[in-house]
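For the sequence shown, position 180 matches number 397 in the numbering used here, and the numbering has no gaps at all. Okay, structure first, notes after.
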Amino acid sequence: MISTTRRITVVTPRARVDVALPVQSTLAELVPQLVRLSGAEGQASPDNPGWVLSRLGDSPFPPGLTVAAIGLRDGEVLHLSPRERQVVPLLFDDVVDAIASVAGTKTGAWAGNIARRCAQLAAVVALLGAAVLLAAGLSGTWFAPAACGVFALVLLFSGGALARAYGDSGSGVACAAAGVGPALLAGLTAVPPFQASLEVASIAAGLAATTGYGVLAAVLLSDRLPWFGGLAVAAGFGTVATAFVLLSGVPVAGPAAVLAAVVTALAALAPMLALRLGKLPLPRVPADIDSFRAEEEPTLGPDVIDQTANAERILTGLLAALALAAVGGVFALLADDSPWSAALSGVLGLVWLLRSRSYAGTAQRLVLLLAGLAMLGRLGAWLITWQHGVLVAVAVLIVAAILCLAHATRVRRGHRSPYWSRMMDIAEFLGLIAIVPLVGAVLNVYVVVRGML
């Protein structure tokens with residue numbers, strides 16, 4: 218008996234679906250249904266107004282042909298791609314009209330969305346400035362922490378009202394983000410004599426206040442949970458470390474070294490944790506083909522796309538939280554003049570830079586790169602305080618610039634060397650191993666053991 222359908226796999230830019238196509242149906246009839254099933258609506262741009270089916274590397278099939286006419290077989294993989302529009306050159310009979318059209322449609326032209334974001338950024342800066350002036354004007358009295366705390370809560374609830382009641386999530390997030398500054402200042406000024414300082418007690422109170430604020434903001438603005446949740450996690454790590462220093466009376470360098478090392482290790486668990494929190498289905502390896510067919514559970518394309526995007530945002534928030542905690546630990550660590558602290562800071566910075574290669578997302582890579590650069594930048598600032606440190610810093614910067622330019626040239630030419638990738642993997646592995654003995658040196662573990670012997 219001749220089958221009346223063809224079971225194939227259709228691959229789109231963001232999903233893949235398994236379908237059975239009637240052999241007598243034309244592609245013009247099937248393509249709209251395939252677009253809907255794969256959740257590809259809205260992905261076509263003005264330059265790509267429609268969709269076409271094709272085999273990998275072949276030209277698109279004519280839409281008037283049937284499934285039987287194109288010789289489709291069971292198990293084949295077809296690609297559903299945006300159709301390219303034939304670009305027709307514009308003809309202008311007026312030079313002024315031509316210039317105005319090009320200037321108004323080119324990339325980078327001013328738009329309402331840009332104006333809106335600039336206004337939100339200006340509002341955040343103005344509110345942060347108001348918080349700083351408020352804390353400075355009331356410094357030395359208990360009104361300073363009280364006023365800053367009330368100001369932070371007002372901004373938080375105003376942001377929640379803007380996002381929920383008025384549906385303006387962007388302005389609500391901007392308002393709530395501006396409240397982080399007053400919350401931090403409320404904690405910094407909460408310790409007598411009610412003046413903002415960088416003492417351990419003030420920093421512990423400030424980070425604790427920021428942690429509580431981040432939790433409340435994550436609850437009120439649930440669509441920005443990765444942002445404010447990450448802020449709460451980072452501030453929570455700092456709160457635990459500073460509270461330990463405050464209660465135990467140990468030097469800051471030891472807990473800072475442990476904090477930076479622990480969050481660097483936890484960063485390896487961030488992808489798996491993001492998969493769990495994003496509720497993405499984990500792949501299962503079947504024992505045989507019968508188990509595969511019994512456990513096969515097709516999932517709608519739009520659902521997977523939304524879950525994947527949510528998991529990516531959660532991953533970015535987790536990495537940002539751990540990066541903030543690690544950078545804070547390195548900054549506190551380099552308050553000590555020990556060369557072991559400098560060595561540990563340099564290794565941590567290199568490890569974060571090398572680990573960025575493991576992530577394909579731009580946001581995740583930028584988070585890790587910025588964290589590593591911040592650590593190495595703080596190490597450079599520490600280094601120039603030493604004798605001949607300026608010359609060493611200049612030499613390191615020149616070498617780093619040469620390496621960056623060489624990498625940019627190789628990327629432009631498309632050169633990908635597996636040997637360099639393997640060498641970087643080994644360097645990252647050795648850096649991770651070196652963290653543990655360096656932390657022991659900062660904690661004076663070897664001195665204690667030598668004294669016991």
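All C-beta atoms, glycine included, are put in the ideal place defined by N, C-alpha and C. Just so it is clear, the structure is predicted and the values come from calculations on it, not from any experiment.
Quick check on the DSSP output: the beta strand (DSSP E) that includes His-296 runs from which residue to which? 294 to 300
Helix, strand or coil at Val-304 [DSSP, three-state]: Only weak support exists for where Val-304 lies, its pLDDT of 48 falling under 50; the value from the coordinates is given anyway. Residue state, collapsed to three classes: coil.
Residues near Ala-460 in its chain [Cβ-Cβ closer than 7 Å; skip 5 each side]: Ala-421
Nearest to Gly-423 (by Cα), restricted to the options Val-436, Val-664, Gly-398: Gly-398
In the DSSP assignment, what residue or residues form a beta bridge with Val-228? Arg-233, His-296
Gly-354 in three-state terms, based on DSSP: helix
Label Thr-626 either buried or exposed according to how many other C-beta atoms from any shown protein chain fall within 10 Å of its C-beta, with 16 as the threshold for buried. exposed
Euclidean distance between Cα positions of Asp-357 and Ala-400: For the sequence presented, residue 357 should be read as Gly rather than Asp. Their backbone Cα atoms lie some 17 Å apart in a straight line.
Contacting residues, own chain, Cβ-Cβ under 7 Å from Ala-434 (five flanking each side not counted): Leu-373, Ala-393, Phe-445
Could you compute how far the alpha carbon of Val-480 sits from the alpha carbon of Ile-522? 29 Å
With respect to the beta strand (DSSP E) encompassing Trp-359, which residues constitute its N-terminal and C-terminal limits? No beta strand (DSSP E) contains Trp-359, which DSSP labels as neither H nor E.
Quick one, which of Ala-451, Ala-598, Val-609 has its alpha-carbon nearest Gly-546's? Ala-451
Terminal residues of the beta strand (DSSP E) in which Trp-268 lies: 267 to 271
For Arg-223, which of helix, strand or coil comes out of DSSP? strand
Which of the three DSSP states, helix, strand or coil, is assigned to Thr-283? strand
Identified DSSP bridge partners for Thr-243: Thr-283
May I have a chain-ordered list of the alpha helix (DSSP H) segments no shorter than 4 residues that lie completely inside the stretch 391 to 447? 397 to 405, 417 to 437
Name the residue from Val-544, Val-666, Ile-225 whose alpha carbon lies nearest to the alpha carbon of Leu-251. Ile-225
Ala-237: buried (16+ other C-beta within 10 angstroms of its C-beta) or exposed? exposed
Is it true that the CB of Val-469 sits closer than 8 Å to the CB of Ala-671? No information on residue 671 is available, as it lies outside the stretch 218 to 670 that the chain covers here.
Cross-strand partners of Leu-238 (DSSP beta bridge): Arg-223
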